Amino acid sequence: MTIIEMPSPNFDERTLGISMIVLHYTGMQDAQSAIDRLRDPASKVSAHYLVAEDGTVLRMVAEDRRAWHAGRSRWRGIEDVNSASIGIEIVNPGHEFGYRPFPEEQIDALVPLVADIKARHSVTRGNVVGHSDIAPQRKQDPGELFPWNRLAKLRLALPRPNRNLMDPMWTDAGFLIALERFGYDVSDKLAAVVAFQRRFRPELLDGEIDGECRSILLALLLPKPQGDD
């Protein structure tokens, strides 16, 4: 895997060990605009890596430094997600500028990058997440078109459960308790449910807690083979 050095000045020191990988889309009109912003000191944003649509991989911040990609976020009790994570920006215009599927060349480059980071830092599958998972009130990326299934087949992310479990018939409050236990910030109920759907049931983002959502979450919370090693 060839990585091109493209340093950003936007980083500081970590205060936590690396235990997460956060995937983003750039959400800008083109790759150069995203690169320029991630390297602009005034923007105060950055990422460890950027993956272009043609599969080019840029390293912008060294892994032992704290890149500024997560913003205000939380996952499984961690509130300084920047300190605990490696951030990867994936070039895509996003929902604001014409959201589209991610090219094969791009995902072909992303997969070995995630695999390498995950192995070196012993990141669990449950901690390979999207920006919308850690900041559901603010973010939608990498979005419902991101091919999580490709990563899941290689044990690089949690798969959508395929076990046909009965609906546990939780109340909405019970579902939110379970969703928080899984990792999400549920302070905004609708945002949390949509973020969960975007990740695990992307074909229907209605924010409704239905039997399918309850069954999927139950399967995710059960022990292996659906565990998050």
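Its first residue numbered 1, the sequence shown is counted upward by one per residue in full-length UniProt numbering.
For every residue, glycine included, the Cβ atom is placed at its ideal position computed from N, Cα and C.
Keep in mind it's a predicted model, so treat the numbers as computed, not measured.
Item	Value
Flag this pair as yes or no: are the beta carbons of Gln-106 and Ala-52 separated by less than 8 Å?	yes
Please work out which residues of its chain come closer than 8 Å, Cβ to Cβ, to Leu-156, disregarding the five sequence neighbours upstream and downstream, and give them in chain order.	Val-111, Val-114, Ala-115, Lys-118, Arg-125, Val-128
Does DSSP put Val-129 in a helix, a strand or coil?	strand
Return the CA-CA distance between Pro-168 and Ser-215, expressed in angstroms with no decimal places.	7 Å
My parser needs the alpha helix (DSSP H) runs of 4 or more residues fully inside the UniProt domain "N-acetylmuramoyl-L-alanine amidase" (8–143); what are they?	31–39, 81–84, 94–97, 104–121, 131–134
Cutting at 7 Å between CB atoms, please list the residues of its own chain near Asp-206, excluding the five before and the five after it.	none
Helix, strand or coil, according to DSSP, for Glu-5 in the structure here?	strand
Determine the closest residue to Leu-221 out of Ile-177, Glu-208, Arg-201, with distance taken between C-alpha atoms.	Ile-177
Would you call the CB atoms of Ser-8 and Met-60 closer than 8 Å?	yes
Contact between the segment 134–149 and the segment 91–104 is defined here as three or more beta-carbon pairs at a separation below 8 Å; is this criterion met?	yes
Candidates Gly-77, Cys-213, Thr-26, Ala-191: which alpha carbon is nearest Trp-170's?	Cys-213
Is Asp-133 buried or exposed, if buried means 16 or more other CB atoms sit within 10 Å of its CB?	buried
Report buried or exposed for Glu-89, applying the criterion of at least 16 other Cβ atoms within 10 angstroms of its Cβ.	buried
Helix, strand or coil for Phe-146 per DSSP?	coil
Can you round the beta-carbon distance between Arg-76 and Gly-174 to whole angstroms, since I take them to be within the 8 Å contact cut?	About 19 Å separates the two Cβ atoms, so there is no contact after all.
Within this structure, are the beta carbons of Ser-73 and Leu-16 separated by less than 8 Å?	no
Could you have a look at Met-169 and say whether DSSP puts it in helix, strand or coil?	coil
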